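Asker:
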Amino acid sequence: MSFVFSDSSSIILLHKAGLFDRTVTRLPLVFSPSVYRELTRPGYPGENLFKHAVSTGRIRIFSLKEPATPLPDPSLNLLDEGEKETLALFLGHRSGFILTDDGQAARFCKKNELPFINALLIPKLFQYAGYGSRIQTDQQMKTISSLGRYSDKVKKIARALGPDDLARFIKEVK
């Protein structure tokens, strides 16, 4: 079975954009223990929503069999614990893809040719999988873009990607 290994940055953006419920319904999300702890800090927005999604089995928590450090690439040790654990979990499973909006994690994924997307592309995945219209997707991408810290280059690439470019990720949408 394939999974979507997510860090907290993407989940927070999707929650703020009103797309969290749709995301956990359509994608097999996995959090590391530190990502879960980060998302469920007392008083943080979405704390109870995230706890409920885990307690009802809509999101899985996978623990690392070994410590997240050291990892194959020393640059990983510069990442926050959640990003480190997320990447380590993916590297241990090698199926599905990584969902991250962390710049350093994205650079690591590119450098090591690991499949990843950011929250900005989630609406496109849903549209191309038959769960949304172009108008809906454009609006949702604008919302996420206004909440996140995306460069103009990243926004331009995201707008240009089509179904063929995202086929590897679309197949995970249920």
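Just so we're aligned, residue 778 is where the sequence shown starts under my numbering, counting upward by one.
Glycine included, every Cβ here is placed at the ideal spot set by N, Cα and C.
Quick caveat, the model's predicted, so the values are computed rather than measured.
Looking at the structure shown, is Phe839 part of a helix, part of a strand, or coil, going by DSSP?
Answerer: Numbered from its first residue, the sequence shown carries residue 839 at position 62. The answer is coil: DSSP assigns Phe839 none of H, G, I, E or B.
Asker: Taking Ile789 as the reference, give the member of Asp857, Ile838 and Ile921 with the closest Cα.
Answerer: In the sequence shown, the residue the question calls residue 789 occupies position 12. It is Ile921 whose Cα lies nearest to the Cα of Ile789.
Asker: Going by alpha carbons, who is nearest to His829 out of Leu902, Phe797, Ser811 and Tyr927?
Answerer: Residue 829 sits at position 52 when you count from the first residue of the sequence shown. Of the listed residues, the one whose Cα sits closest to His829 is Phe797.
Asker: Between the C-alpha atoms of Leu853 and Ser872, what's the straight-line distance to the nearest angstrom?
Answerer: On the sequence shown, position 76 is the one that residue 853 refers to. On the sequence shown, position 95 is the one that residue 872 refers to. Roughly 20 Å separates the two Cα atoms.
Asker: Return yes when the Cβ of Leu902 is within less than 8 Å of the Cβ of Phe867, no when it is not.
Answerer: As a working note, residue 867 is residue 90 in the sequence shown. As a working note, residue 902 is residue 125 in the sequence shown. The answer is no: Cβ separation not under 8 Å.
Asker: Where do the ends of the alpha helix (DSSP H) carrying Ser832 lie?
Answerer: As a working note, residue 832 is residue 55 in the sequence shown. Residues Glu824 to Ser832.
Asker: So Leu804 packs on Ser785, CB below 8 Å; how close in whole Å?
Answerer: Taking the first residue of the sequence shown as 1, we reach residue 804 at position 27. Taking the first residue of the sequence shown as 1, we reach residue 785 at position 8. Actually they do not touch by this definition, with Cβ atoms about 16 Å apart.
Asker: Please classify Val950: does DSSP put it in a helix, a strand, or coil?
Answerer: Position 173 of the sequence shown, counted from the start, is the residue given in the question as residue 950. Coil, per DSSP.
Asker: Can you tell me whether Leu876 is helix, strand or coil according to DSSP?
Answerer: One-based indexing of the sequence shown puts residue 876 at position 99. Note: Leu876 maps to strand in three-state DSSP.
Asker: Can you tell which of Leu924, Phe827, Phe874 and Pro819 has its C-alpha closest to the C-alpha of Met778?
Answerer: Taking the first residue of the sequence shown as position 1, residue 778 is located at position 1. Cα-wise, what sits closest to Met778 is Phe874.
Asker: With H, G and I counted as helix, E and B as strand and the rest as coil, what does DSSP make of Ser783?
Answerer: Residue numbering aside, residue 783 sits at position 6 when the sequence shown is read from its first letter. Correct three-state label for Ser783: strand.
Asker: Between which two residues does the alpha helix (DSSP H) holding Ile816 run?
Answerer: Along the sequence shown, one-based indexing puts residue 816 at 39. Rather than Ile, the amino acid found at residue 816 in this sequence is Leu. Counting along the chain, the alpha helix (DSSP H) containing Leu816 begins and ends at Pro810 to Leu816.
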